[in-house]
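Counting along the sequence shown from 1, when you hit position 112 you're at 116 in the working numbering, and nothing is skipped either side. Note that the Cβ used here is the ideal one computed from N, Cα and C, for glycine as well. Here's the structure we're looking at; comments come further down.
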Amino acid sequence: LVTGPTGSGKTTTLYSCLNYMNSPNIKIITTEDPVEYDLPGVMQCQVNEDVGLTYGAALRSILRQDPDMILVGEIRDRETGGIAVEAALTGHLVLSTLHTNDAPSATTRMLDLGLESFLIAATLEAIIAQRLVRKVCNNCKEYYEPEPDQAMELGLRPEAIVGKKFAFGKGCSRCNSTGYKGRMALYEMFRISDEIKQMIMDGANVASLREAGRRNGMRTLRESGQLAIYDCSTTLDEVIRETMVLE
Numbered sequence: 005l006v007t008g009p010t011g012s013g014k015t016t017t018l019y020s021c022l023n024y025m026n027s028p029n030i031k032i033i034t035t036e037d038p039v040e041y042d043l044p045g046v047m048q049c050q051v052n053e054d055v056g057l058t059y060g061a062a063l064r065s066i067l068r069q070d071p072d073m074i075l076v077g078e079i080r081d082r083e084t085g086g087i088a089v090e091a092a093l094t095g096h097l098v099l100s101t102l103h104t105n106d107a108p109s110a111t112t113r114m115l116d117l118g119l120e121s122f123l124i125a126a127t128l129e130a131i132i133a134q135r136l137v138r139k140v141c142n143n144c145k146e147y148y149e150p151e152p153d154q155a156m157e158l159g160l161r162p163e164a165i166v167g168k169k170f171a172f173g174k175g176c177s178r179c180n181s182t183g184y185k186g187r188m189a190l191y192e193m194f195r196i197s198d199e200i201k202q203m204i205m206d207g208a209n210v211a212s213l214r215e216a217g218r219r220n221g222m223r224t225l226r227e228s229g230q231l232a233i234y235d236c237s238t239t240l241d242e243v244i245r246e247t248m249v250l251e
């Protein structure tokens, strides 16, 4: 599953996964609303609810075609989620998206849709949460030493940024005087280990799942943003703006 708000690059991530897996030996079928890009070698189905071709109806048709890999544009309701889970249980690799603030919250969202916890635990392999931030323009990039209060804005102790350089864009003709040019993604990869599967079946809350994920090596969106700041790829303001809702 890939989660995030509208415009966070979820479809781009899913298409990248399809392109990576695509080969003549793998039958890939998608159901999307809308089909955003044509993918050579992939069968793509456009949802049309006006004529009854919903995600659920499209998925039922797709399963009769014996695909190896299925992309569901979005899990919107219990019917779509249930069929996607059924497909995963019968050996199909299923990719899809949800709208949640972070990766662990996707499990509770699926429960809210009415899916059984044991089915979620049995079929989920990984959840990726992501956000897009603007990149500092390389043509007008400048560096500065951050103040202690800026560490606190990131949820860090002041000593954590001692000796580090932050970057910002002064503004130039190449970036239209914005200081930014291009975008990059921040990722949160939540792998569903055996421990987390059991926690899902036991009804663990999001905070407990998040802590378990971090014990298993998950880097939160805010932590991914911190690394991007240290790398001078983006700015403090961008990371705070895109990850503030998670704090």
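Under 8 Å by Cβ, that's how I've got residue i and residue j pegged, so tell me the actual separation to the nearest angstrom.
i, j, result
"Ile132", "Val6", "5 Å"
"Ile87", "Arg113", "The pair is not a contact, with the Cβ atoms about 17 Å apart (cut-off 8 Å)."
"Ile32", "Glu129", "Going by Cβ atoms, the distance from Ile32 to Glu129 rounds to 17 Å, so no, they are not a contact pair."
"Glu146", "Lys185", "That pair is no contact at about 14 Å."
Alpha carbons only, please: which of the options is nearest the one belonging to residue i?
i, options, result
"Cys176", "Met203, Asp70, Cys144, Glu78", "Cys144"
"Asp235", "Glu192, Cys179, Phe170", "Phe170"
"Ser100", "Ala125, Gly77, Ala110, Leu231", "Gly77"
"Val39", "Thr15, Ser181, Gly56", "Thr15"
"Pro152", "Asn180, Val166, Val140", "Val166"
"Met25", "Gln134, Arg178, Leu75", "Leu75"
"Ala107", "Pro9, Ser27, Ala232", "Pro9"
"Ser27", "Glu215, Pro44, Gly11, Arg214", "Pro44"
"Leu117", "Gly95, Ala126, Gly85", "Gly85"
Taking only the alpha-carbon atoms, compute the straight-line gap between residue i and residue j and give it to the nearest angstrom.
i, j, result
"Leu18", "Leu190", "15 Å"
"Ile204", "Glu149", "43 Å"
"Gln230", "Phe172", "14 Å"
"Glu252", "Arg223", "Nothing about residue 252 can be reported from this structure: the residues present for the chain run from 5 to 251 only."
"Thr239", "Pro71", "43 Å"
"Glu242", "Arg80", "29 Å"
"Leu22", "Arg219", "29 Å"
"Tyr207", "Glu120", "Reading off the sequence shown, one finds Gly at residue 207, where the question assumed Tyr. Cα-Cα distance, rounded: 11 Å."
"Asn252", "Arg161", "This structure leaves residue 252 out entirely; the chain is present only between 5 and 251."
"Gln48", "Asp42", "8 Å"
"Ser228", "Glu83", "34 Å"
"Ala62", "Glu246", "34 Å"
"Cys179", "Ala232", "19 Å"
"Ala164", "Glu157", "12 Å"
Any beta-carbon of chain D closer than 8 Å to the one on residue i?
i, result
"Asp235", "Absent from the structure: chain D. Only one protein chain is present."
Is the separation between the beta-carbon of residue i and that of residue j shorter than 8 Å?
i, j, result
"Val46", "Tyr59", "no"
"Glu221", "Phe194", "The sequence as given places Gly at residue 221; Glu does not occur at that position. It is not a contact, given that the beta carbons lie outside the stated cut-off."
"Leu102", "Ala110", "yes"
"Gly13", "Leu136", "yes"
"Lys139", "Ser20", "no"
"Met73", "Leu93", "no"
"Leu213", "Glu192", "no"
"Thr127", "Val89", "yes"
If we require 4 or more residues per run, which alpha helix (DSSP H) segments fall completely within the region 152-191? 152-157
Length at least 4, wholly inside the region 13-59: the alpha helix (DSSP H) runs in chain order: 14-25
Enumerated in chain order, which unbroken segments of the beta strand (DSSP E) with a length of 3 residues or greater are wholly contained in the region 57-126? DSSP runs (the beta strand (DSSP E)) wholly in the region 57-126: 73-76, 97-102.
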